[in-house]
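Enquirer: Residue numbers (full-length UniProt numbering): 1 to 334.
The beta-carbon is built from N, C-alpha and C at its ideal position, and this holds for glycine as well.
This structure is in structure tokens; I'll ask about it shortly.
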């Protein structure tokens with residue numbers, strides 16, 4: 001008896017912008033697995049800086065609370081990377097999924113730190129343009145470190161331009177210096193040529209970082225769905241382990257081996273956020289075509305196999321619609 005199929009449903013193809021957010025290769029050159037390994041290596045090198053940051057405390061270097069938390073966080077991410085990176089090659093679904101979420105969350109946290117340090121830097125520039133008061137800089141997050149390393153000075157006259165007026169007079173006359181302010185200090189600090197270049201570089205780097213997030217997530221998604229294909233208990237349909245017919249069976253659901261213990265709970269939490277991305281249907285993906293119709297609602301192709309019996313040539317010969325049957329020639333007796 002043929003297995004039952006889910007009811008026919010009408011699905012719309014994903015817009016092109018969403019298909020672009022699911023890369024199938026890394027830079028259109030290498031596989032997602034190799035790209036993910038390279039991305040994990042760059043993150044590993046980046047987080048090693050947390051060790052050197054904490055070692056600076058032994059030299060008596062002052063660290064703000066913002067720097068200290070960043071270095072401690074970097075060491076924690078470094079340990080997680082050392083554990084998760086080998087699973088990229090092993091294609092472990094839970095670990096690859098955890099690596100993807102780790103990279104995304106690390107990107108968000110780093111964006112927050114970058115915004116805090118950037119805001120502190122521009123506020124310090126604005127204050128030194130208007131009223132250079134070093135004590136005020138220490139109140140900003142990381143302000144003392146920036147003030148110590150940036151080489152700010154405290155001139156007696158705060159001016160963006162100095163006009164020196166010297167008129168003919170008796171010997172010994174002193175020149176008169178008049179300071180002229182030049183508009184908004186914060187706007188001048190942000191829109192000067194050096195700041196614009198720095199902001200442009202940061203935006204370019206974060207564009208690359210976003211693409212790296214898409215690559216790591218796409219690889220984890222492929223590993224997860226391949227695991228579903230190999231281990232799913234429902235071979236014809238999406239309703240096994242899922243209430244919706246457009247979702248695959250969650251490999252971390254309760255009742256399955258992967259869904260037991262804290263690993264199962266962690267897997268369910270990670271797949272519950274963006275469930276449509278991790279378990280949703282793809283109409284145009286290559287891997288869907290070989291899933292035993294797990295993600296298709298069309299009926300199976302029925303090929304009519306001729307029944308054993310009279311051959312086609314003999315049947316047509318009997319009915320008079322074909323050539324006569326072949327007659328073997330008898331050899332003349334010698």
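Provide the residue span of the alpha helix (DSSP H) that contains residue 77, from first to last.
Expert: Here the alpha helix (DSSP H) through residue 77 covers 65-84.
Enquirer: Assuming residue 250 is part of the alpha helix (DSSP H), what are its boundary residues?
Expert: From DSSP, residue 250 is part of no alpha helix (DSSP H); its letter is neither H nor E.
Enquirer: Quick one: give me the first and last residue of the alpha helix (DSSP H) that residue 59 is part of.
Expert: Neither: residue 59 is in no alpha helix (DSSP H) and is coded neither H nor E.
Enquirer: Do residue 218 and residue 22 count as a contact pair if the criterion is CB distance below 8 Å?
Expert: Closer than 8 Å, so yes.
Enquirer: What are the boundary residues of the alpha helix (DSSP H) that residue 25 is part of?
Expert: Neither: residue 25 is in no alpha helix (DSSP H) and is coded neither H nor E.
Enquirer: How long is the line joining the alpha carbons of residue 228 and residue 222, rounded to whole angstroms?
Expert: Those two C-alpha atoms are separated by around 10 Å.
Enquirer: Restricting to Cα atoms, I'd like to know which of 224, 263 and 260 is closest to residue 249.
Expert: Checking every option, the nearest Cα to that of residue 249 belongs to 224.
Enquirer: The alpha helix (DSSP H) spanning residue 275 covers which residue range?
Expert: Taken as a continuous stretch (DSSP letters only), the alpha helix (DSSP H) holding residue 275 covers 275-279.
Enquirer: Check whether the segment 208-218 touches the segment 23-43, taking contact to mean three or more Cβ pairs, one atom from each stretch, closer than 8 Å.
Expert: Yes, since at least three Cβ pairs between the segment 208-218 and the segment 23-43 fall closer than 8 Å, the two stretches touch.
Enquirer: Tell me which same chain residues have a C-beta within less than 6 Å of the C-beta of residue 37, skipping the five on either side of it?
Expert: Here the set comprises 88.
Enquirer: Under a Cβ-count criterion, where at least 16 other Cβ atoms within 10 Å of its own Cβ denotes burial, should residue 79 be classed as buried or exposed?
Expert: Answer is exposed; the Cβ neighbour count stays below 16.
Enquirer: Mind checking whether residue 267 and residue 105 have CB atoms under 8 Å apart?
Expert: Contact flag unset, no.
Enquirer: By the 10 Å Cβ neighbour count, where 16 or more other Cβ atoms means buried, how is residue 231 classified, buried or exposed?
Expert: Exposed, since its Cβ has fewer than 16 Cβ neighbours within 10 Å.
Enquirer: Please report the residue range of the alpha helix (DSSP H) in which residue 272 lies.
Expert: Run containing residue 272: 261-272, per the alpha helix (DSSP H) assignment.
Enquirer: What's the call for residue 298, buried or exposed, on a 16-neighbour Cβ count within 10 Å?
Expert: Confidence is the limiting factor: at residue 298 the pLDDT is only 47, short of 50, which leaves the residue's position unreliable and the question unanswerable from this model.
Enquirer: Which residues in the same chain have their Cβ closer than 8 Å to the Cβ of residue 73, if we skip the five residues on either side of it in sequence?
Expert: Excluding positions up to five away in sequence, the list reads 50 and 109.
Enquirer: Need the endpoints of the alpha helix (DSSP H) that residue 33 sits in, please.
Expert: Here the alpha helix (DSSP H) through residue 33 covers 32-47.
Enquirer: Could you tell me whether the Cβ atoms of residue 258 and residue 251 are closer together than 8 Å?
Expert: In this structure, residue 251 lies closer than 8 Å to residue 258 by Cβ.
Enquirer: Which of the three DSSP states, helix, strand or coil, is assigned to residue 91?
Expert: Residue 91 falls in the coil class under three-state DSSP.
Enquirer: Taking the alpha carbon of residue 31 as the reference point, which residue from 66, 125, 42 and 220 has its own alpha carbon closest?
Expert: Among 66, 125, 42 and 220, the Cα nearest to that of residue 31 belongs to 220.
Enquirer: Quick check on residue 100: buried or exposed, where buried means 16 or more other Cβ atoms within 10 Å of its Cβ?
Expert: Result: buried.
Enquirer: Secondary structure at residue 254, three-state DSSP: helix, strand or coil?
Expert: Residue 254: coil per DSSP, three-state reduction.
Enquirer: Identify, in the order they occur along the chain, each residue of the same chain with its Cβ nearer than 6 Å to the Cβ of residue 91, setting aside the five sequence neighbours on each side.
Expert: Contacts found: 223.
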